[in-house]
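Student: As numbered in the working numbering, residues 24 to 139 make up the sequence shown, in order. Encoded as structure tokens, here's the structure I'll be asking about.
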Amino acid sequence: MRLTAKARPAWVEGAVNRRTEHASVSYGESRRPVALVAPRPNNGFTVQFLLKARRADVRASRILDEVRRELTFYLLDVVGPNSWPFVQYHCDTPANSRSIVHWSWHPTPEKKRAAS
Numbered sequence: 024m025r026l027t028a029k030a031r032p033a034w035v036e037g038a039v040n041r042r043t044e045h046a047s048v049s050y051g052e053s054r055r056p057v058a059l060v061a062p063r064p065n066n067g068f069t070v071q072f073l074l075k076a077r078r079a080d081v082r083a084s085r086i087l088d089e090v091r092r093e094l095t096f097y098l099l100d101v102v103g104p105n106s107w108p109f110v111q112y113h114c115d116t117p118a119n120s121r122s123i124v125h126w127s128w129h130p131t132p133e134k135k136r137a138a139s
């Protein structure tokens with residue numbers, strides 16, 4: 024009899040609805056997002072890359088590689104299946120502000136109004 028491990032959450036590429044809670048990921052001094060991240064309904068995360076790299080574009084490829092590494096680290100490796108609250112927390116940490124890859128939290132509009 025074969026025992027199977029519980030499915031590990033993953034991040035998959037797809038469209039992220041900006042009207043719901045999500046995080047944006049930027050690179051370097053530019054605060055322009057290169058990716059958007061949102062939790063999936065069942066488990067895992069949806070990632071929408073806003074930066075596209077062509078084969079000859081070495082800089083964009085390097086940026087996307089670093090962003091993918093951060094996505095895997097913070098979404099899957101650090102906390103595990105319930106890492107969305109940690110993503111929210113990480114957006115306000117000194118480590119985030121010192122990193123080359125920056126995360127920004129975008130709550131739903133209803134949550135923004137309730138907090139003010």
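Backbone N, C-alpha and C define an ideal beta-carbon position, used for all residues, glycine too.
Chain C beta carbons: is any one of them nearer than 8 Å to that of V48?
Tutor: The chain inventory of the structure shown lacks chain C, comprising one protein chain alone.
Student: May I have the straight-line CA-CA distance separating H45 from P130, to the nearest angstrom?
Tutor: Approximately 6 Å between the Cα atoms of the pair.
Student: Measure the C-alpha to C-alpha separation of V60 and R91 and round it to an integer number of angstroms.
Tutor: Cα-Cα distance, rounded: 11 Å.
Student: Under 6 Å Cβ to Cβ from V39, same chain only, skipping five residues before and after it: list those, please.
Tutor: Same-chain partners within the cutoff: H45, L59, A61, T69 and Q71.
Student: Which residues mark the beginning and the end of the beta strand (DSSP E) in which P130 is found?
Tutor: That residue, P130, is in no beta strand (DSSP E); it is neither H nor E in DSSP.
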